[in-house]
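Residue numbers (the working numbering): 3 to 77. Just so you know, even glycine gets a beta-carbon here, dropped at the ideal spot from N, CA and C. Input: a single structure, listed below in structure tokens.
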């Protein structure tokens with residue numbers, strides 16, 4: 003099982019990605035979701051045992067690159 007986190011500020015994008023993962027990648031389990039860069043950083047800190055991060059590049063409160071820099075420094 004591959005544990006994944008989805009980060010996107012668009013609810014429809016998160017729902018669509020979850021559906022595609024469920025249909026085409028049954029080995030991937032979504033363990034958490036986040037709807038903003040700040041929430042993503044907190045989610046990563048709270049769920050450090052994941053292997054895959056689906057990350058929106060441009061969100062209202064920061065970029066996906068900000069999330070990777072801040073989130074991974076904290077764990």
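With fewer than 16 other Cβ atoms inside 10 Å of its own Cβ, residue 24 counts as exposed. A distance below 6 angstroms between beta-carbons, with the five flanking residues on each side excluded, links residue 55 to the following residues of its chain, in chain order: 7. Around the beta carbon of residue 61, 16 or more other beta carbons sit within 10 angstroms, so the residue counts as buried. Cβ contact annotation for residue 31 (same chain, cutoff 8 angstroms, sequence separation greater than five): 3, 4, 5, 6, in chain order. Taking the Cα of residue 35 as reference, the smallest distance to any Cα among 28, 45, 26, 27 is reached at 45.
Here residue 21 is exposed, its C-beta having fewer than 16 other C-beta atoms within 10 Å. Taken in chain order, the whole alpha helix (DSSP H) runs of length 4 or more contained in the region 4 to 45 are 13 to 26.
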